[in-house]
Amino acid sequence: ETGVTQSPTHLIKTRGQQVTLRCSSQSGHNTVSWYQQALGQGPQFIFQYYREEENGRGNFPPRFSGLQFPNYSSELNVNALELDDSALYLCASSLRRIMNTEAFFGQGTRLTVV
Amino acid sequence: AQRVTQPEKLLSVFKGAPVELKCNYSYSGSPELFWYVQYSRQRLQLLLRHISRESIKGFTADLNKGETSFHLKKPFAQEEDSAMYYCALSGLTTSGTYKYIFGTGTRLKVLA
Numbered sequence: 007e008t009g010v011t012q013s014p015t016h017l018i019k020t021r022g023q024q025v026t027l028r029c030s031s032q033s034g035h036n037t038v039s040w041y042q043q044a045l046g047q048g049p050q051f052i053f054q055y056y057r058e059e060e061n062g063r064g065n066f067p068p069r070f071s072g073l074q075f076p077n078y079s080s081e082l083n084v085n086a087l088e089l090d091d092s093a094l095y096l097c098a099s100s101l102r103r104i105m106n107t108e109a110f111f112g113q114g115t116r117l118t119v120v
Numbered sequence: 285a286q287r288v289t290q291p292e293k294l295l296s297v298f299k300g301a302p303v304e305l306k307c308n309y310s311y312s313g314s315p316e317l318f319w320y321v322q323y324s325r326q327r328l329q330l331l332l333r334h335i336s337r338e339s340i341k342g343f344t345a346d347l348n349k350g351e352t353s354f355h356l357k358k359p360f361a362q363e364e365d366s367a368m369y370y371c372a373l374s375g376l377t378t379s380g381t382y383k384y385i386f387g388t389g390t391r392l393k394v395l396a
């Protein structure tokens with residue numbers, strides 16, 4: 007059984023660019039959630055995908071978008087990057103879409119926007 | 285407003301002393317409450333959830349709906365408990381989707 011893996015681990019982008027972050031779910035998990043964690047803050051929920059459909063969204067603008075693939079891996083896309091988008095981006099997978107089942111987190115992708 | 289509040293950024297206790305990490309929440313409806321922990325150089329992981337009423341590594345947490353609190357407690361702290369602790373909730377929105385809210389975290393330091 008493999009855990010949740012995210013790629014890349016670190017990334018530097020310029021303001022205005024676009025970025026794609028990737029997440030491979032734990033084997034057998036059909037739900038993926040993405041979070042943004044700024045320095046000194048708790049994770050902030052971006053959105054969740056269940057069986058390839060968005061199943062919940064936090065207070066993030068439409069330039070944050072995502073995809074979930076048939077193998078349940080996922081992407082987070084951010085367009086028109088802003089300096090405030092600099093953060094650790096976490097992916098978490100779980101077996102069902104309700105969160106009273108355990109969510110397993112990846113190690114995160116550290117995005118720096120300059 | 286919907287939020288999870290952890291009033292202490294840092295909590296230092298001596299080994300063997302009791303620990304209480306505070307968590308208060310504000311959410312319309314009936315959320316599920318969780319505690320997550322992040323040890324040094326490790327990824328975020330679930331510690332416990334209120335629905336399971338379990339004790340993990342000696343920690344317990346009781347959901348008090350009247351006070352909207354979900355404090356994490358342990359009677360005797362150990363050095364290996366030193367970590368970052370996050371209180372979190374999940375809830376169903378009026379549109380039938382899910383929302384997750386994390387607190388800002390409390391760093392627990394257990395001193396020898």
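Chains as they are written, first to last, in my numbering: chain A, 7 to 120; chain B, 285 to 396. No residue lacks a Cβ here, since even glycine has one placed at the ideal position from N, Cα and C.
S71/A sits in a strand when the DSSP states are folded into three classes.
Looking from the CA of Q42/A, the closest CA among R69/A, C97/A, H16/A, A109/A belongs to C97/A. Per DSSP, reduced to three states, the secondary structure at S79/A is coil, with no helix or strand assignment. Considering only beta carbons, the part of the stretch 54-68 of chain A lying closer than 9 angstroms to chain B consists of Q54, Y56, E60, N61, G62, R63, G64, in chain order. Look at H35/A here: in three-state DSSP terms it is coil, with no helix or strand label.
For V84/A, the closest of R28/A, T15/A, G9/A, T11/A by C-alpha to C-alpha distance is R28/A. The alpha carbon of W319/B has as its nearest neighbour, out of P359/B, S310/B, Q290/B, S296/B, the alpha carbon of Q290/B. Taking a 10 Å sphere around the C-beta of P315/B, we find 16 or more other C-beta atoms and assign the residue as buried. For the 8 angstroms CB-CB criterion, Y369/B and L392/B form a contact. Counting C-beta atoms within 10 angstroms of its own C-beta, A345/B has 16 or more neighbours from the protein chains shown and is therefore classed as buried. Against chain B, the CB of Q113/A has a partner CB under 8 angstroms away; the residue lies at that interface. Judged by pairs of C-beta atoms under 8 angstroms, the stretch 13-21 of chain A does not touch the stretch 53-68 of chain A, as fewer than three such pairs exist. For R102/A, there is no enclosing beta strand (DSSP E), as DSSP marks it with neither H nor E.
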